[in-house]
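S.K.: Next up is a structure, given as structure tokens.
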Amino acid sequence: MTRANVREPVNVVKAHRQTEGAGFIVRRPIPTMGLPLVDPFLLIDEMGPSVYGPGQAIGAPDHPHRGFETVTYMLDGEFEHEDSAGHHGIIRAGDVQWMTAGAGIVHSEMPSSTIRYEGGRVHGFQIWVNLPARLKMTRPRYQGVPSDRIPTASTDDGLVHVRVIAGEALGVSAVIDTHTPIVFQDWTVHAGGDVTTGVPADHQALVYVFEGQVRVGNGDAVLREGEMAILGQGDQVRLRGVEGDERPGRMLLLAGVPLAEPVARYGPFVMNTRDELIQAFRDYESGKMGEITRTAEWR
Ligand code: MN
């Protein structure tokens, strides 16, 4: 490996906390003014961390999606998922749900009944991964992976740890199947830690720090909590802990092959053309994306 292959940060974006939907707090590095997406990633929402009292927690009741994938990764708390394809599950701390909306799905994403009634801490991510035109109308798919099935690895010195949600790192491969090549990894880097991991040269890559700080690349620049760096060309990503830090840096490493297609997006739909967006609204309103069937017991 030569140093020339290590990707360096070329653009750093600071995410600000904002209120979304019915009032939950998110930190959102994309989309932001001037940066609508980092192809193929359309949206990165860090939800919370928020501590709710009894009866305070809120979520996103029944709503549709078409044309892309939603990935939910919980760090703390629980979300309950239901959709029009009949899937129902609770996403707990460390779990991942990789949902392909494809041709259309209606789902609800609500704090679990435990969180709603008793309150608690909620922290996690929702990331939108775009689909290429040829897959936008694919059959909806749901992959729920519990925390203990997510492959993990550490460096020999124990100073760097990774949870491999998608792609490969430190010799382990993800169990989730993605429609397009995607890297989605949760890295923890302690002071003194120094790791270089492969990310294919044809991927666009970014690092988003959600706790502490980290050095990215061979330079001295530090990426801090709430900052996202888009990385330049190369086939390696280097992460280093910051000396003197008592708590480790935690970050997502995301990468994917850019689709390089037109993006037409409005609310819950992401297509290639405005006509396809209009068709998506028509199909949703006429019920073609289905509805969530609930039993009397649950409601
Ligand atoms: Mn949704």
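Letter 55 of the sequence shown, counting from 1, is numbered 54 in numbering that gives the first Met the number 0, and no numbers are missing. Even glycine gets a Cβ: it sits at the ideal position worked out from N, Cα and C.
Alpha carbon to alpha carbon, what distance is there between GLU117 and GLN235?
M.R.: Near 45 Å, if we compare the C-alpha coordinates of GLU117 and GLN235.
S.K.: Can you give me the C-alpha to C-alpha distance between GLY88 and GLY119, rounded to a whole angstrom?
M.R.: Their backbone Cα atoms lie some 19 Å apart in a straight line.
S.K.: Is any heavy atom of the ligand MN found at a distance shorter than 7 Å from the C-beta of HIS80?
M.R.: Checking the Cβ of HIS80 against the ligand MN gives no.
S.K.: To the nearest angstrom, how far is it from the Cα of PHE268 to the Cα of SER111?
M.R.: Going by the C-alpha atoms only, they are around 25 Å apart.
S.K.: Expressed to the nearest angstrom, what Euclidean distance is found between the alpha-carbon atoms of GLY211 and ALA190?
M.R.: Approximately 11 Å, taken between the alpha carbons.
S.K.: Please list the segments of the beta strand (DSSP E) lying wholly inside the segment 18-95, counting only runs of 3 or more residues, in order along the chain.
M.R.: Within the segment 18-95, the complete beta strand (DSSP E) runs of at least 3 residues are 23-29, 40-51, 59-64, 67-75, 78-82, 87-90.
S.K.: If you draw a straight line from the alpha carbon of GLN96 to that of GLN142, how long is it in whole angstroms?
M.R.: One C-alpha to the other measures close to 6 Å.
S.K.: Can the beta-carbon of SER153 be found closer than 8 Å to that of ARG91?
M.R.: For SER153 and ARG91, no; Cβs fall outside 8 Å.
S.K.: Considering only the beta carbon of each residue, do LEU253 and VAL159 sit closer than 8 Å?
M.R.: No, the pair does not count as a contact, with Cβ atoms beyond the cut-off.
S.K.: Among all residues, which have a Cβ less than 7 Å from at least one non-hydrogen atom of the ligand MN, and in what chain order do they fall?
M.R.: The answer, residue by residue, is ALA59, HIS62, HIS64, THR69, HIS106, GLU108, PRO267.
S.K.: Within 10 Å of its beta-carbon, does ARG281 have 16 or more other beta-carbons around it, so buried, or fewer, so exposed?
M.R.: Exposed is the call here.
S.K.: Give the secondary structure of THR137 by DSSP, where H, G and I count as helix, E and B as strand, and everything else as coil.
M.R.: Here THR137 sits in coil by DSSP.
S.K.: Rounding to the nearest angstrom, what Cα-Cα distance links THR179 and GLN17 in this structure?
M.R.: Cα to Cα, THR179 sits roughly 30 Å from GLN17.
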